[in-house]
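The number in my numbering is simply the position in the first sequence, starting from 1, with 18 added. Ideal placement from N, C-alpha and C gives every residue a C-beta, glycine not left out. Since the structure comes first, as structure tokens, the remarks are kept for the end.
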Amino acid sequence: MANLPIVQFERKILETVDQNQVVVVIGETGSGKSTQLSQMLYRKGYTDSGIVAVTQPRRVAAVSVSRRVAQELDVRLGEEVGYAIRFEDRTSERTRIKYLTDGVLLRESLSNPELNQYSVIILDEAHERSLNTDILLGLMKRLVKRRTSNFKVLITSATLDGEKVSKFFSDCPLLTVPGKLFPVEIFYSKERPTSYLESSLKTALDIHVREPEEKLVSKLEDKVQSLEEGSCMDALILPLHGSLPPEMQVRVFSPSPPNCRRFIVATNIAETSLTVDGVVYVIDSGYVKQRQYNPATGMYSLDVVQISKVQANQRAGRAGRTRPGKCYRLYPSRLYTEEFLDATVPEIQRSSLAGSVLYLKSLDLPDIDILKFDFLDPPSTESLEDALKQLYLIDAIDENGSITSIGRTMAELPLEPSLSRTLIEANEFGCLSQALTVAAMLSVETNLLPGRSKNNEKKRKNPPLELPDGSGFGDHIQLLQIYELWDENDYNIGWCKDYDLQVRGMTFVKEVRKQLCQIMQKIAKGSSEVRANQSRKRDQSYRNLRKALSIGYANQLAERMRHHNGFRTLGFKPQLVQVHPSSVLKPDDDGLYPNYVVYHELIATSRPYMRNVCTVERQWVMPILEKLDKLDVRKLSGGGLGHVEEVTEGNVSELPKKEADVIAPEELESKIQAARERFLARKGKK
DNA sequence: GAGCACTGC
19 MANLPIVQFE RKILETVDQN QVVVVIGETG SGKSTQLSQM LYRKGYTDSG IVAVTQPRRV
79 AAVSVSRRVA QELDVRLGEE VGYAIRFEDR TSERTRIKYL TDGVLLRESL SNPELNQYSV
139 IILDEAHERS LNTDILLGLM KRLVKRRTSN FKVLITSATL DGEKVSKFFS DCPLLTVPGK
199 LFPVEIFYSK ERPTSYLESS LKTALDIHVR EPEEKLVSKL EDKVQSLEEG SCMDALILPL
259 HGSLPPEMQV RVFSPSPPNC RRFIVATNIA ETSLTVDGVV YVIDSGYVKQ RQYNPATGMY
319 SLDVVQISKV QANQRAGRAG RTRPGKCYRL YPSRLYTEEF LDATVPEIQR SSLAGSVLYL
379 KSLDLPDIDI LKFDFLDPPS TESLEDALKQ LYLIDAIDEN GSITSIGRTM AELPLEPSLS
439 RTLIEANEFG CLSQALTVAA MLSVETNLLP GRSKNNEKKR KNPPLELPDG SGFGDHIQLL
499 QIYELWDEND YNIGWCKDYD LQVRGMTFVK EVRKQLCQIM QKIAKGSSEV RANQSRKRDQ
559 SYRNLRKALS IGYANQLAER MRHHNGFRTL GFKPQLVQVH PSSVLKPDDD GLYPNYVVYH
619 ELIATSRPYM RNVCTVERQW VMPILEKLDK LDVRKLSGGG LGHVEEVTEG NVSELPKKEA
679 DVIAPEELES KIQAARERFL ARKGKK
């Protein structure tokens, strides 16, 4: 600890904090900011009048950093120093320094908007610009104006964006603390390959840019094997990514055998989440795979995009943690200086904002117009309007944009708004138990099936058992059936393995479900009780569940095209889409899909697909279409908008325009029918 | 028949 560079700056830091309410600290990698800032404030007495909170974007970081600090202060974790993450609160009345994820702090501010228990809030790793950190930045800016005494905010960031954060906080002071990294030499790609090592890796990495990771791993293996024996060290090639089972992930941490070099082929998990010590060479492709939301279509896509300077520096820094290193950048220096963005596009500009907008609405901040909320980097008006429309359609806000009582209840649940709405409806329909299961399964879904590695398949003695099929209703019902089967097998771990389900994922589902159940019980108290699973007929509960989903996902319904198996989405941005091939929902004996479905998300890969699809009934869809038709975004956003957006658009859409205020369902149906026929006729001509 | 970034409540 004494060796950490930040320690020399203690006096300067404390002086600045004493004289200013907000301070930005640029702490380079290895400066010790995450562990030391809180201790300095503790020594100076800032913990006498409140707790010092330090937020982290990741759970593991909150746990490991607090553990370190407890060690350094020689106290037991959970007493003077503690942490709080989802499902785990290791703090006590004695806690003076508290590490927590930014999501937990947002939850806390829901019940205590002034965050009075804290005398200092440190937003650590703000340069990562997680969605939650960005919202906290906006809230902190308000809070410092309201809590003018006994409240300080510190924000740690990276060199390239510190100025911007300081400007955001009325030009607050900015301190720079050097890091403790060994020098990393940087090579750009046009400058010569000299050693076999570099050129072979370069070849391999060229492949990496175009081909999946697994191919790189196997091609690297081939190349290394073809090297003359004894001509160089042995090599161990290790893939590293998030969907790898934990036991495969930890392999990168074990030291390499003698006379053997490790090659770690990693996703951006190695950029921030995992730090592998002993790395000397880093090869940086200059790209990252990024998920983005397009509010104009309501569709997600997974794109390979250029990284930012902050990311490039972060990657290079991974080479110099234990001794001097080298970083090979597979792009010319001109690209870095001229084309790379300074900082990564913040998540808030790449996500659907329904959840965040509902959160902000539920805070009841008196003087806030959601479209004018003071964000460090504001999301587009289009994206905010998209969120408002989604919230209106599921009754979270009324036609004037004010939060409803249903909306308030929804904000209490740690779920995306559509799932919260589904739970509330399911409680009314008597299928809450099943809905809780589906909600929990969906929020973990991507981590359920293990990454398909060839190694895994070879190692298996028996092929995995076949999972339930959703009884013809689709993926949501399948998820429900999987969990119910696990429940019948007493949550047995071996059972998960037999079905090739990730134990980690399923265990998480169980915890999420428990948490949701507790919250629902609390919410329902006083009004209608949480209705227990009244062992009705399965089909009846499936039906109620599907109906609840159609209300929660009112903007995510789709209708099958008449003459083929494509679907047209029925939201305010109609799209032509197909059922994702991974769905359990398959065409019937006549080769046809059901007429109406609800989907969990749209994802554009080679084509636009609906992921996680479930059948619904026509009569549930019609009232929703009616509401959709009456939607007026000008009112939702308080009328302050300069433009009017058509409710229906897109070449497939022929939903009736606003001819009358109220259209009877039957009339609507016939209009839709007529519109569909016009569309098909037109299409036929072409 | 497609596609396997990463977090978080």
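* **Those residues which DSSP pairs with Met628 across a bridge** => Val597, Leu620
* Asked: Where does Ile115 fall in DSSP's three states?
  -> strand
* **Host alpha helix (DSSP H) of Thr427 (start-end)** => 423–430
* To do: Would you decide whether Asn21 is buried or exposed? Buried here means 16 or more other CB atoms lie within 10 Å of its CB.
  => exposed
* To do: Could you please give the first and the last residue of the uninterrupted beta strand (DSSP E) stretch that includes Tyr136?
  => 136–141
* Go ahead and label Ser56 buried or exposed: buried means 16 or more other beta carbons lie within 10 angstroms of its beta carbon, across all protein chains shown. => buried
* **The beta strand (DSSP E) enclosing Gly45, as first and last residue numbers** => 40–45
* Would His661 be called buried (16 or more neighbouring beta carbons within 10 Å of its own) or exposed? -> Any answer about His661 is weak, because its pLDDT of 36 lies below 50 and its placement is not dependable; what the coordinates show is given next. So His661 counts as exposed.
* Measure the CB-CB distance between Leu378 and Ile366 and report whether it falls below 8 Å. => no
* To do: Could you have a look at Met266 and say whether DSSP puts it in helix, strand or coil?
  => helix
* To do: Consult DSSP for Gly609 and reduce its assignment to one of helix, strand or coil.
  => coil
* Going by the beta-carbon positions, is the gap between Leu603 and Leu588 smaller than 8 Å? -> no
* Beta carbon of Ala337 nearer than 8 Å to that of Tyr299 -> yes
* Work out the CA separation of Ser600 and Asp295 for me, nearest whole Å. => 38 Å
* Simplified DSSP assignment, three categories, for Arg578 -> strand
* **Assigned secondary structure, Asp107 (DSSP; H/G/I helix, E/B strand, else coil)** => strand
* Asked: Taking the alpha-carbon positions, what's the Thr109 to Leu485 distance?
  -> 41 Å
* **Through-space distance from Glu443 to Glu203, alpha-carbon basis** => 59 Å
* For the putative contact between Asp120 and Leu161, defined by C-beta atoms under 8 Å, what is the C-beta separation to the nearest angstrom? -> Going by Cβ atoms, the distance from Asp120 to Leu161 rounds to 14 Å, so no, they are not a contact pair.
* Selection from Leu563, Val521, Ala429 that minimises the alpha carbon distance to Ile495 -> Leu563
* **Contained beta strand (DSSP E) runs [length at least 3] in the segment 54–96, N- to C-terminal order** => 69–74
* Return yes when the C-beta of Leu503 is under 7 Å from any heavy atom of the ligand NAP, and no when it is not. => Here there are no bound small molecules, and the ligand NAP is not part of this structure.
* Can you find at least 3 beta carbon pairs, one from the segment 79–94 and one from the segment 168–187, that sit closer than 8 Å? -> no
* **the segment 311–327 touching the segment 395–410, judged by at least three CB pairs closer than 8 Å** => yes
* Leaving out five residues before and five after Leu32 in sequence, what residues of the same chain have Cβ atoms less than 7 Å from its Cβ? -> Met58, Lys62
* To do: Give me whichever residues DSSP pairs with Cys345 in a beta bridge.
  => Ile204, Val300
* **Residue closest to Leu376, alpha-carbon to alpha-carbon, out of Glu430, Arg347, Glu417** => Glu430
* To do: Would you identify the three-state DSSP class for Ile325, choosing helix, strand or coil?
  => coil
* Find the nearest neighbour of Lys565 within the set Lys591, Glu635, Cys190, Gly523, judged by alpha-carbon distance. => Glu635
* Given that a residue counts as buried once 16 or more other Cβ atoms are within 10 Å of its Cβ, and exposed if not, what is Lys116? -> buried
* Thinking just about the alpha-carbon of each residue, which of Met428, Leu460, Glu434 is nearest to the one in Asn445? -> Met428
* Roughly how many angstroms lie between the CA atoms of Glu417 and Asp650, to the nearest whole one? -> 8 Å
* Identify whether Tyr410 lies in helix, strand or coil by the three-state DSSP scheme. => helix
* For Ile500, is the classification buried or exposed, using 16 other Cβ atoms within 10 angstroms of its Cβ as the cut-off for buried? -> buried
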